[in-house]
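The block underneath contains the structure these notes are about, expressed in structure tokens.
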Amino acid sequence: MHMRNQTERHFGARIEFVEGFKFKSQAFEGEALHGAPVITDEPDPVGSNAGPSTPSMLAMAVGHCLSASLVETLRHTGIYVLSLSTEAIAIVVPNDEGNPRIKEIRVTITPVVEKPSGNIARCIAVFENYCTVCQSIRPAIPVHVEVPVVIKSPVAA
């Protein structure tokens, strides 16, 4: 994310109750809407799994931010990403009072690149520093990241 020469940016969500434990959320920044509304829900047995749960949404935010940070870091060093897949899992456990809490988030990012470069190791070593979401929540929730890089050989013509 870029700060656009601003000292602050205000990202928000407008959330409306639908029914049961379903909510409709609309992301925005200032007056600009970001994307389509999203239906969220609690997992069963409380909710009906009609949309992502809040732990899944947090895992998505962390996974997306880390993925974007890795792509940007690789691009800055001239490494073209052919494809990339990410799996982010929020591990939920009961606390001492029996209430569910996110214990940790595990993220595996698998970029596919065309040619190996010594810069890949350096990119992997530093890209997490640029992830706004990960670095913001890490003091409270451990985030474990793995990056198995796949090298795809160019197809001979």
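Under this note's numbering, the letters of the sequence shown match residues 1 to 157, in that order.
Ideal placement from N, C-alpha and C gives every residue a C-beta, glycine not left out.
- Taking a cut-off of 8 Å on C-beta distances, the segment 89 to 99 does not touch the segment 111 to 120, as fewer than three cross pairs fall below it.
- With contacts defined by Cβ atoms closer than 8 Å, I39 and G51 form a contacting pair.
- In the displayed model, A61 falls within a helix according to three-state DSSP.
- Unbroken beta strand (DSSP E) stretches of 3 residues or longer found wholly inside the segment 31 to 55: 32 to 40, given in chain order.
- Judged by pairs of C-beta atoms under 8 Å, the segment 65 to 76 does not touch the segment 30 to 49, as fewer than three such pairs exist.
- Assignment of T132 by DSSP, reduced to helix, strand and coil, places it in the helix class.
- In the DSSP assignment, V107 falls within the unbroken beta strand (DSSP E) covering P100 to V113.
- In this model, V62 and N119 are separated by some 24 Å (Cα to Cα).
- V92: not part of any alpha helix (DSSP H); member of the beta strand (DSSP E) spanning V81 to P94, first to last residue.
- Rounded to the nearest whole angstrom, the C-alpha separation of Q135 and S48 is 32 Å.
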